[in-house]
Structures are given as C-alpha cells and as structure tokens.
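First up is the structure itself, then whatever we jot down about it.
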Amino acid sequence: MVKTEARRAIELRREINFNNHRYYVLDDPVISDPEYDRLLQELQELESEYPELLTADSPTQRVGGAPAEGFTQVQHSAPMLSLANVFNREDLENWLRRIKALVNGAKFDLVCELKIDGLAVNLTYENGVFSQGATRGDGRVGEDVTQNLRTIKTIPLSLLEGAPTRLEVRGEVYLPVPEFRRLNEEREEQGEPLYANPRNTGAGSVRQLDPKVTASRNMAVWIYSLGGVNAPVPSHWEALEWLGGLGFRTNPHNRLCRNIQEVIDYYDHWVEARHGLPYEADGVVIKVSPLALQARLGVAGREPRWAIAYKFPAEQAVTRLLEIGINVGRTGSLNPYAVLEPVVVSGATVRNASLHNEEDIHRKDIRVGDIVTIERAGDVIPHVLGPVLDQRPPGTSEFHMPSHCPECGTAIVKPEDEAMHRCPNASCPAQFFELLKHFVSKGATDIDGLGEQWCRIFIDQGLVSDLADFYSLRKDQLLELDRMGDKLATRIMANIEESKQKPLPRLLFALGIIHVGSEIAELLTQAYNSIDEISDATEEELAEIPGIGPKIAESIASYFQMEANQNVISKLRASGVKLEQEHRQVSAEGLPLAGQTFVVTGTLAGYSRSEAQSRIKDLGGKITSSVTKDTNYLVVGESPGSKLAAAERLGTEVLDEEKFVKFLANLQLVTSETEESSS
C-alpha cells in the first residue's frame with residue numbers, strides 16, 4: 001500500500017460522510033444517487049484490497065457484520081428517565097403551575113417536541129467517533145446494540161468539527177411508516193403473518209442478533225437530548241441547536257414556546273397534522289428549557305419534574321364482536337376479552353381487545369354479534385368502548401361469566417371487594433403457565449431466551465413444576481428438546497445463572513404476588529432488606545408502609561403464609577438465588593429536612609401522594625402513615641379525614657397544598673444557594 005491509497009480512503013470517507021449528512025439529516029442532497037454509489041463502491045474496493053485502511057467510522061460498516069450470540073448489558077452513566085403523562089389541558093396547566101411554584105417565580109421558556117413512538121437509545125462518541133449504542137432497558141441498565149445502530153444511516157458514525165472528547169446523546173429510533181408498509185407487503189406476498197405496528201417492529205429490528213436484518217429495514221433516528229454529560233450551552237433549546245451543528249438529526253418540528261398558549265397551539269396543530277407524518281407520534285413532550293432549572297427541579301421517582309408528555313387523544317374504529325373469550329391470569333383472575341373482525345387502529349391491526357370484567361360488559365351492554373367501537377392509544381391494549389346499538393342484530397343475549405374455570409374446571413369465586421372473578425385453584429395449569437411467563441419476563445428475572453414457547457415446552461415435558469425449578473435445569477435436559485441447539489442452551493443456562501443476582505425488588509415482582517407490581521416491590525424493599533424480613537412481617541406492620549395499605553398488606557401476608565410458597569422460597573435459597581440486599585442506610589445528614597417527620601393525607605391537586613412523599617424524602621425528611629406527638633408536619637389535600645383532627649389535637653403544624661409548595665420552593669432555594677456558596 002502507498003500513501004496515495006491511504007489519502008484517497010480518507011478523502012472518500014470524508015466526502016461520503018458529508019453527503020450522508022446532506023441526504024439523511026438535512027434532506028438536501030448535492031450529488032446524484034449514481035455518483036454517491038460510485039464513491040461508496042470505490043471505498044469498498046480500497047478497503048477490500050487494503051484491510052488496514054478500514055476504520056470503525058467508515059460508511060462501509062453500515063451494511064451489518066456477523067450475527068451476535070446475544071447482547072451484553074450496559075450501565076447508563078445517567079438514568080434514562082420515563083415521562084409522566086397528561087391527557088388534557090387542565091392537567092397540563094396544573095403541571096406548569098407546580099413548576100412555577102417550585103422555581104419560585106423564575107422566568108423560563110418551554111421546548112415542545114413531537115413524542116416519537118419508537119425505541120429510546122443512548123449513543124456514545126469518543127473523539128467524535130461513534131463508539132457505543134445502548135437501549136433504554138430499565139432506565140439504569142440497557143443492552144449494547146452498537147453493531148445494529150451502526151447500520152442506521154441517520155446516526156452519524158463520525159461527527160463534524162467541534163465535538164468534545166466524549167459525548168453522549170439520546171434519541172428515538174423508529175421505523176418509518178412507509179418502510180413498515182413495505183415490509184408488510186413483502187410478508188403478505190410470501191404468506192407470512194403481518195407485523196402488528198411500526199413501533200414493535202422497529203424495536204424488534206434494533207434487537208436483531210444479525211445486524212444485516214437491521215440494515216435491511218431502513219430505520220431512522222431523531223436525537224432529542226444530551227446524555228450523561230454536561231452541556232456547553234445554558235438551555236435545552238440551544239443544546240438541540242448545538243447537536244444539530246455537530247451532524248445529529250434533530251426534529252425540525254421542535255418549537256421554542258414562550259407561554260402556555262403557544263404550547264396549546266403547537267399541540268392542537270399536531271393533533272390533526274400528525275397523520276401526515278412519515279412516522280408515528282403519540283403526543284407532545286414539553287420541557288423546561290433552562291438546564292439550570294432542570295437541575296433544580298430534579299427527578300421524582302423515575303420521572304423528571306421538568307418535562308411532561310401531553311398525549312394525543314386515543315383513536316377509534318368500528319368492527320364486529322365475534323366472540324368473548326376468557327383468559328386466566330397468573331393470579332387466577334378471569335379476564336374476558338373481545339375477539340374481533342380485524343380492523344386497523346392507530347396504524348396497528350387489532351384482532352382482540354380488553355373487556356375488563358363482567359360488570360363492565362353488563363354496564364356497557366356489550367353482546368356477541370354487536371358492531372362495537374374500539375379505542376387504542378399508543379401501546380395501551382385496545383379496549384371496547386361499547387356497542388353501536390342501532391346496528392345490533394336480532395337474537396343477541398347478555399354475556400355471563402362461566403361458573404367454572406375454563407382451564408381446570410374449578411368453581412370460580414368473586415371476592416366481595418373486587419370486580420374480578422377468580423379461579424381459587426393455586427395448581428391451575430393456566431395460572432402456572434402465566435406465572436412462569438411473568439417470572440422470566442423483562443422487569444422480573446429477565447431470563448433472556450425463555451419466552452412463552454419455551455415455558456410451555458418446559459411444563460409439557462415436566463421440567464418445571466414451580467418457579468424454583470428453573471434453577472435446577474441442566475444443559476443436557478435442554479439439549480434433548482426439539483429445536484434446542486447448543487448455543488441457545490448455553491445462553492439460557494448462563495442467563496438463568498445471571499438471574500440469581502437480580503435486585504430484590506425484581507425478584508419480589510417476579511414471584512407474582514397479587515397486587516405487588518414493580519412499584520410496591522420497591523416500597524417493600526425500602527422498608528425491609530430481605531425476603532425473610534418481609535415474610536416475617538405482620539399484616540399490620542406491612543400496612544404501615546407508606547403506599548401499601550390494608551388490602552395489599554393482606555395479600556402479601558397471605559402469600560407468605562402458604563406452605564407451597566415457602567417451599568418455593570426455600571428452593572430458591574438452596575439454588576443460590578439472592579434473597580436479600582445490602583442494607584441501604586441513606587444518610588439525611590446535611591439535608592434541610594433531616595430529623596423532620598411528615599404525614600401526607602388527602603388528595604393533592606398538583607401532586608400524587610407518592611410524589612409529595614418522594615419530594616420530602618429527597619430533602620431528608622421521614623414519612624410515616626399516622627400522626628403522633630413525634631410528627632412535625634401534616635401535609636393535607638382535600639378530604640384529609642381523621643389525621644387532620646389528630647394534628648390539631650397534638651398541635652402539629654399543618655401545611656395545605658399552597659403552603660406545601662411554597663415550603664418546598666423555599667427549601668430548594670436555600671439548598672441551591674448553599675450549594676453555590678460551597679462550590
């Protein structure tokens with residue numbers, strides 16, 4: 001190789017990257033497609049003849065490399081947060097009013113962005129070169145999909161001049177609607193099942209083990225923020241402009257708004273205009289623009305206080321109800337669902353929809369054979385709004401739940417305080433199947449490779465009879481199963497082993513205790529450090545945990561009182577599954593509410609109760625569920641009940657919502673000033 005070839009390779013890469021930016025980001029090409037193809041072909045030939053010329057950021061690397069055996073996990077340097085939603089103008093105005101109170105009247109602009117219905121990713125650049133791409137995952141840990149993201153032409157492999165040494169950006173990868181239609185047309189011609197919607201198809205495309213599959217699907221990305229790095233500019237709006245100048249594709253429909261009316265105007269425009277977009281958008285994201293105020297407002301749980309998603313109205317369609325089926329859930333609930341004539345709603349083909357419960361079916365007078373209106377919003381499961389009564393055919397009859405479980409034949413029961421009918425048979429095969437699926441799912445133990453199909457096979461082959469049996473599986477047992485190869489068996493065994501170390505909240509959620517979702521599991525592990533401690537707690541002690549309450553406490557206590565469940569816990573322990581967590585003693589020392597005890601009661605207009613409690617705890621305060629002589633403050637909303645009387649009797653200071661908001665704002669101001677003076 002001579003220097004001439006090396007120089008020519010550099011020139012070709014620079015020219016191709018420039019034209020990629022003009023075509024895919026600016027939508028303003030300056031050369032013809034044949035000219036571009038000739039440049040790319042020349043570079044491919046050079047790199048083929050001289051492999052030492054190949055670089056990680058070469059545009060020839062977008063075609064996809066060898067298939068991967070699996071995805072490794074990536075710890076995000078800063079959490080990828082989810083957004084709280086509002087669905088009407090009043091709730092949006094309440095959010096903005098709360099923000100203004102928390103920043104003590106500081107002036108700020110808002111940035112409005114279309115909420116793209118895709119897959120969130122974090123992109124890392126080292127010295128201006130794309131080095132890693134990861135999915136959002138659970139917000140803290142995602143999957144390394146670098147090789148797949150390299151194939152997406154709107155993701156720059158190298159940045160323009162001015163890029164810092166290290167840069168992280170976040171964006172939404174999506175499958176354009178025209179590309180989704182093309183894929184489905186191909187599948188229809190080949191007699192294959194059609195993809196459901198662009199979002200799920202796009203997310204699956206990013207997680208393909210073979211990058212060539214991703215490359216074939218013409219995905220795209222919009223970059224919407226910086227990642228875990230400091231911005232060189234003072235506002236989110238300026239950060240978007242700066243990122244655009246580095247070569248990133250930012251949405252030209254983003255808008256800087258000075259007041260709430262401009263936000264409403266933007267939203268109203270896109271409610272109608274969204275149908276003309278070449279991608280799916282399910283709402284508008286509104287962000288406080290000054291980055292200093294974003295930092296001051298902080299985070300509540302997993303949601304930033306400085307941003308909100310104003311969702312578009314749900315879309316509706318009319319079709320015929322063919323049948324009412326019954327699904328038995330993992331907790332024994334009998335869930336009726338509608339079997340429909342296929343209809344397209346919000347870009348997805350809908351064949352089934354939720355009917356909630358028998359009471360809801362009767363209230364809406366829904367009958368088999370009816371023409372019904374269904375509604376679907378974003379990823380929410382479609383549901384039946386009601387029948388079109390003037391089109392009801394003759395001979396229809398009211399629906400009634402079966403008297404016995406359709407799966408195991410056990411007589412069903414209906415608890416007095418629930419709308420659901422339940423199968424009380426803990427050995428019901430349908431319940432166990434659903435529980436297995438739940439146990440291995442994302443958000444639970446996340447045993448990658450064990451989906452619905454393998455759960456069914458494991459049950460049918462007698463390999464698992466309870467949750468703990470997963471940890472007794474051997475590779476030779478897996479290899480005896482049809483369509484189980486050595487690589488897949490090795491991966492499943494490795495993932496089962498890895499799942500033994502999942503955080504305690506994930507394991508609690510995975511057990512499938514009635515009423516214990518991921519949030520309740522987090523609350524339990526804030527109060528207790530092990531499964532044994534939770535198991536030993538009384539129903540009354542559990543009910544004292546903020547956010548739990550008597551009904552959930554009864555369910556948790558009942559679960560751990562059952563001998564079969566204790567046997568599962570014992571088997572999990574014997575298999576080496578982690579049943580405890582390191583004691584998390586978070587020091588409140590130095591925080592403004594250290595040593596102060598609060599009770600929150602009643603309904604707050606601008607906060608959920610858990611959000612108010614989170615704000616207090618963030619500032620070092622302690623939350624309890626009852627007012628005593630040790631309580632410093634009672635925060636009251638509407639309908640405060642007996643706790644207000646107790647506070648007045650004991651002389652406890654009472655804060656209504658207006659006082660509470662000002663109280664927090666003043667504390668935040670003091671905290672900020674203290675931090676500034678110490679820096």
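Under my numbering, the first residue of the sequence shown carries the number 1, and numbering increases by one thereafter.
Where is the CB? At the ideal position from N, CA and C, for every residue including glycine.
Does any heavy atom of the ligand ATP sit closer than 7 Å to the C-beta of residue i?
i      : result
Arg199 : Among the components of this structure there are no ligands whatsoever, and the ligand ATP is therefore not found.
Check whether the Cβ atoms of residue i and residue j sit closer than 8 Å, and answer yes or no.
i      : j      : result
Gly142 : Arg136 : yes
His438 : Arg330 : yes
Ile264 : Phe248 : no
Leu740 : Ile374 : Any property of residue 740 remains undetermined from this structure, which presents the chain solely from 1 to 679.
Val177 : Glu93  : no
Gly118 : Met80  : no
Gly443 : Arg491 : no
Ala553 : Ala543 : yes
Ala494 : Ser575 : no
Assign residue i to one of three DSSP states: helix, strand, or coil.
i      : result
Pro67  : For Pro67, the pLDDT reaches just 45, beneath the cut-off of 50, and the residue's location in the model is therefore unreliable, although a value from the coordinates is still provided. Residue state, collapsed to three classes: coil.
Gly276 : helix
Pro304 : strand
Gln613 : helix
Glu172 : strand
Pro59  : helix
Val661 : helix
Asn632 : coil
Asn352 : strand
Tyr50  : coil
Arg483 : coil
Ala314 : coil
His383 : strand
His404 : strand
Ile260 : helix
Asp282 : strand
Glu653 : strand
Asp144 : strand
Leu667 : helix
Glu323 : strand
Phe470 : helix
Lys475 : helix
Val271 : helix
Work out the CA separation of residue j and residue i for me, nearest whole Å.
i      : j      : result
Arg615 : Arg506 : 24 Å
Leu277 : Val213 : 25 Å
Asn19  : Tyr36  : 8 Å
Gln662 : Leu604 : Checking the sequence shown, residue 662 turns out to be Lys, not Gln. Distance between the alpha carbons of Lys662 and Leu604 is about 14 Å.
Val343 : Arg217 : 25 Å
Tyr267 : Leu243 : 24 Å
Arg392 : His404 : 29 Å
Thr319 : Ile520 : 38 Å
Gly395 : His421 : 27 Å
Arg258 : Gly547 : 38 Å
Phe108 : Ser465 : 59 Å
Arg456 : Gln566 : 24 Å
Arg7   : Ala203 : 39 Å
Lys153 : Pro198 : 18 Å
Val299 : Asp486 : 45 Å
Ile16  : Ile10  : 10 Å
Need the endpoints of the alpha helix (DSSP H) that residue i sits in, please.
i      : result
Pro505 : Leu504 to Ala510
Asn17  : Lys3 to Asn20
Arg255 : Element bounds for Arg255: not the alpha helix (DSSP H) but the beta strand (DSSP E), Arg255 to Cys257.
His438 : Pro429 to Val440
Ala494 : Asp486 to Ser499
Ile99  : Arg89 to Leu102
Thr151 : Thr151 -> no alpha helix (DSSP H), and no H or E assigned at all.
Leu524 : Ser518 to Ala527
Glu648 : Ser642 to Leu650
Arg296 : Leu291 to Leu297
Return the first residue and the last residue of the beta strand (DSSP E) that residue i is part of.
i      : result
Cys423 : Counting along the chain, Cys423 falls outside any beta strand (DSSP E), and DSSP gives it neither H nor E.
His362 : Here His362 belongs to no beta strand (DSSP E); instead the alpha helix (DSSP H) covers Glu358 to Lys364.
Cys455 : First-last for Cys455: Glu452 to Asp460, but that is the alpha helix (DSSP H), not the beta strand (DSSP E).
Asn335 : Ser333 to Val345
Ala134 : Val129 to Thr135
Gln75  : Gln73 to Gln75
Ile116 : Leu110 to Ile116
Arg376 : Ile371 to Arg376
Phe704 : No statement about residue 704 is possible, as the shown extent of the chain runs from 1 to 679 and does not include it.
Check: Which residue spans inside the segment 529-592 form an unbroken alpha helix (DSSP H) run of at least 4?
Finding: 531-536, 539-543, 549-561 and 563-574
Checklist line | Runs of beta strand (DSSP E) lying entirely within the segment 187-253, each at least 3 residues, in chain order | finding: 220-226
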